[in-house]
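Residue numbering for the sequence shown follows the numbering used here, starting at 13 and increasing by one per position. Idealized CB from N, CA, C, for every residue including glycine. Values in this document were obtained by computation on a predicted structure and should not be read as measured data. Shown next, in structure tokens, is the structure this report addresses.
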Amino acid sequence: MRISRFFMPVLRDAPSEAEIVSHRLMLRAGMIRQSSSGIYSWLPMGLKVLNNISQIVREEQDKAGAVELLMPTIQSADLWRESERYEAYGAEMLRIKDRHGREMLYGPTNEELITTLFRDGAHSYRDVPCTLYHVQWKFRDEIRPRFGVMRGREFLMKDAYSFDLTKEDAKKSFNRMFVAYLRTFERLGLTAIPMQAETGPIGGDLSYEFIILAKTGESEVFCHKDLLDLKAPENVNYDSDLEPVMAPWLEKYAATEDVHDADRFASEVPRDKQISARGIEVGQVFLFGDKYNEPMKCAVQGPDGKLTTLQSGSYGIGVSRLVGAIIEASHDEAGIIWPQSIAPFKIGLLNLKVGDKDTDAACESLYEQLQSMGQTVLYDDSKERAGGKFKTMDLIGLPWQIIAGPRSVKAGKVELKNRASGEATELGLDEVINFFVTKSTDSPSTGTGRKSTES
Ligand code: ATP
Ligand code: MG
Numbered sequence: 013m014r015i016s017r018f019f020m021p022v023l024r025d026a027p028s029e030a031e032i033v034s035h036r037l038m039l040r041a042g043m044i045r046q047s048s049s050g051i052y053s054w055l056p057m058g059l060k061v062l063n064n065i066s067q068i069v070r071e072e073q074d075k076a077g078a079v080e081l082l083m084p085t086i087q088s089a090d091l092w093r094e095s096e097r098y099e100a101y102g103a104e105m106l107r108i109k110d111r112h113g114r115e116m117l118y119g120p121t122n123e124e125l126i127t128t129l130f131r132d133g134a135h136s137y138r139d140v141p142c143t144l145y146h147v148q149w150k151f152r153d154e155i156r157p158r159f160g161v162m163r164g165r166e167f168l169m170k171d172a173y174s175f176d177l178t179k180e181d182a183k184k185s186f187n188r189m190f191v192a193y194l195r196t197f198e199r200l201g202l203t204a205i206p207m208q209a210e211t212g213p214i215g216g217d218l219s220y221e222f223i224i225l226a227k228t229g230e231s232e233v234f235c236h237k238d239l240l241d242l243k244a245p246e247n248v249n250y251d252s253d254l255e256p257v258m259a260p261w262l263e264k265y266a267a268t269e270d271v272h273d274a275d276r277f278a279s280e281v282p283r284d285k286q287i288s289a290r291g292i293e294v295g296q297v298f299l300f301g302d303k304y305n306e307p308m309k310c311a312v313q314g315p316d317g318k319l320t321t322l323q324s325g326s327y328g329i330g331v332s333r334l335v336g337a338i339i340e341a342s343h344d345e346a347g348i349i350w351p352q353s354i355a356p357f358k359i360g361l362l363n364l365k366v367g368d369k370d371t372d373a374a375c376e377s378l379y380e381q382l383q384s385m386g387q388t389v390l391y392d393d394s395k396e397r398a399g400g401k402f403k404t405m406d407l408i409g410l411p412w413q414i415i416a417g418p419r420s421v422k423a424g425k426v427e428l429k430n431r432a433s434g435e436a437t438e439l440g441l442d443e444v445i446n447f448f449v450t451k452s453t454d455s456p457s458t459g460t461g462r463k464s465t466e467s
């Protein structure tokens, strides 16, 4: 993509309405614009990241055996009367009337809708286990939308719902989502800790919130320090018993403030390992049994021929919140530092002297070659001064910068800079191409490793 044809309205100064760094950087990098309180347009740069995150979420859901569908954003109020949540949900639900006076609502979540879909489509024990998910916009009329996309009113969520014949099977479906979440957040470059969370009015159920620690987090959390060092499992066999895979996370204390037990914390966790911090909830897994299936009569014929009410769980990931959460976890004074896995482009190519024949030719050639290799490149072919180009590239946080100025190009060289480490190396034009043939990791090691000099 050429910057001259792209739409990326960057802001030099920090917007005054933004209280936290991710919100400031998302506005400054031209990723989002507020349309009304808690409701945002996703500009091209923001949308690329949102899509990359959704992609990773989808891949891990699919690996865990979940199946994607798509439910609408607008639902009928009658559906919510069946589960008796229509009145209970309160002011967070945006209620609408259509032209015939029928009561509708903008979905804040989808338990009711998925339950009717499954009820109407599944009849026998052979139709379970089944876990269905979608990635869809939700609306919750939050009393205090803030921190940009972290607490929006309209936001993108991945929500999955499992259906099983027995409680035991439902726990297995729950475990699959739990492990899929560990893998998803790790691939997003995050350390998200599953913490015991409130299960709501129905007792005996199981729930964990996946939390990343951040000063700007809205909830207070408590956990064992060693949880921060755990690495998500690889090559998971989702058909095997996952309890041993989950054990390292479940053995150590981790709880949100709602269920925190100060005595247990003090006795189970050595003093120097006690973390009490602020956290951002990026996902939640919830086993709730027949809470919706019972009132909504979601049942199938069991192997014994008897009608059996199904057992369910629901599993959410805040896809749009993650964009902000990842920036909270990965930035410096100059701007965003995207993990390679979700970067909007992998490479920023800076032409420091547009109009200089040799520099233009070198950049065009690199741009063409890298793209034909399948690399994503944002080519700064604008007339802006070099200083401004450097600032913009650092702000938008692409993992690699290729810097081409007339002086280096004359010597057949360009500079390759790693955004995360700041390390820069001078390489020949071919060497740069080779580097991206052989390297596809975040590794900052580019060779000689000295700070950028070209300006
Ligand atoms: P919170 O406690 O933050 O209000 P929640 O527990 O009500 O969230 P869930 O129903 O568990 O939210 O939704 C699943 C995920 O959706 C959450 O883990 C969170 O990441 C995300 N999410 C929830 N509300 C919002 C919001 N207003 N803006 C952005 N993301 C949200
Ligand atoms: Mg939650």
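Distances between the C-beta of VAL294 and the heavy atoms of the ligand ATP include at least one below 7 angstroms. According to the DSSP assignment, HIS236 belongs to the beta strand (DSSP E) that extends over 231–236. Taking the Cβ atoms as the reference, ASP406 lies roughly 16 angstroms from ASN363, outside the contact range of under 8 angstroms. Runs of the beta strand (DSSP E) lying entirely within the region 182–217, each at least 3 residues long, are 205–208 in chain order. Assignment of LYS395 by DSSP, reduced to helix, strand and coil, places it in the coil class. Taking every protein chain shown into account, the CB of LYS237 has fewer than 16 other CB atoms within 10 angstroms, so this residue is exposed. About 5 angstroms separates the beta carbon of GLY50 from that of GLY164, a gap short enough to meet the 8 angstroms contact definition.
Within the model, the alpha-carbon separation for SER231 versus ASN249 is close to 33 angstroms. Scanning the region 410–453 for uninterrupted alpha helix (DSSP H) segments of 4 residues or longer gives 418–422 and 441–450, listed from N- to C-terminal end. Setting aside the 5 residues that flank it on each side, PRO260 is surrounded in the same chain by LEU242, each with a C-beta closer than 6 angstroms to its C-beta; the list follows chain order.
For ARG195, the CB contacts under 6 angstroms within the same chain, skipping 5 residues up- and downstream, are GLU72 and ALA244 in chain order.
Burial state of SER48 is exposed, judged by a 10 Å Cβ sphere holding fewer than 16 other Cβ atoms. Taking the Cβ atoms as the reference, PHE130 lies roughly 5 angstroms from PHE175, within the contact range of under 8 angstroms. ILE348 is not a Cβ neighbour of LEU59, given a cutoff of 8 angstroms. With respect to the 8 angstroms criterion, LEU378 and VAL444 are classified as neighbours on the basis of their beta carbons. Residue environment analysis places GLY399 among the exposed positions, since fewer than 16 neighbouring C-beta atoms fall within 10 angstroms of its C-beta. Residue burial is scored here from C-beta neighbours: LEU144 has at least 16 other C-beta atoms within 10 angstroms and is therefore classed as buried. Pairing LEU117 with TRP149 gives a Cβ-Cβ distance that is not under 8 angstroms.
A Cβ-Cβ separation of about 6 angstroms places PHE357 in contact with VAL389 under the 8 angstroms criterion. Within the same chain, Cβ atoms closer than 8 angstroms to the Cβ of ASP74 are found at GLU80, the five residues on either side in sequence being excluded. DSSP places TRP350 in no alpha helix (DSSP H); its state is neither H nor E. With a cutoff of 7 angstroms, GLU230 does not count as near the ligand MG, since its C-beta is closer than that to no heavy atom of the ligand. Within the chosen limit of 7 angstroms, the ligand MG reaches the beta carbon of GLU221 through at least one heavy atom.
Here ALA355 is buried. Its C-beta has 16 or more other C-beta atoms within 10 Å. For THR121, the CB falls within less than 7 angstroms of some heavy atom of the ligand ATP. LYS318 and GLU154 have their alpha carbons spaced roughly 43 angstroms apart. Between LEU322 and LEU218, the CB-CB gap reaches or exceeds 8 angstroms. For LEU55, the secondary structure class from DSSP, reduced to helix, strand or coil, is coil. Here the alpha carbon of GLU345 sits roughly 13 angstroms from the alpha carbon of ASP25.
Going by C-alpha positions, ARG111 is about 32 angstroms away from LEU55. Per DSSP, the continuous beta strand (DSSP E) segment holding MET116 begins and ends at 115–118. Inclusion of THR127 and ASN305 in the CB contact set at 8 angstroms is warranted, their separation being smaller than that value. For ARG156, the shortest C-beta to heavy atom distance toward the ligand ATP is 7 angstroms or greater. A Cβ-Cβ contact shorter than 8 angstroms links GLY440 with LYS425. In the DSSP annotation of this structure, HIS135 is not part of any alpha helix (DSSP H), being labelled neither H nor E.
Contact between PHE448 and LEU382 is confirmed by a C-beta separation of about 6 angstroms, below the 8 angstroms threshold.
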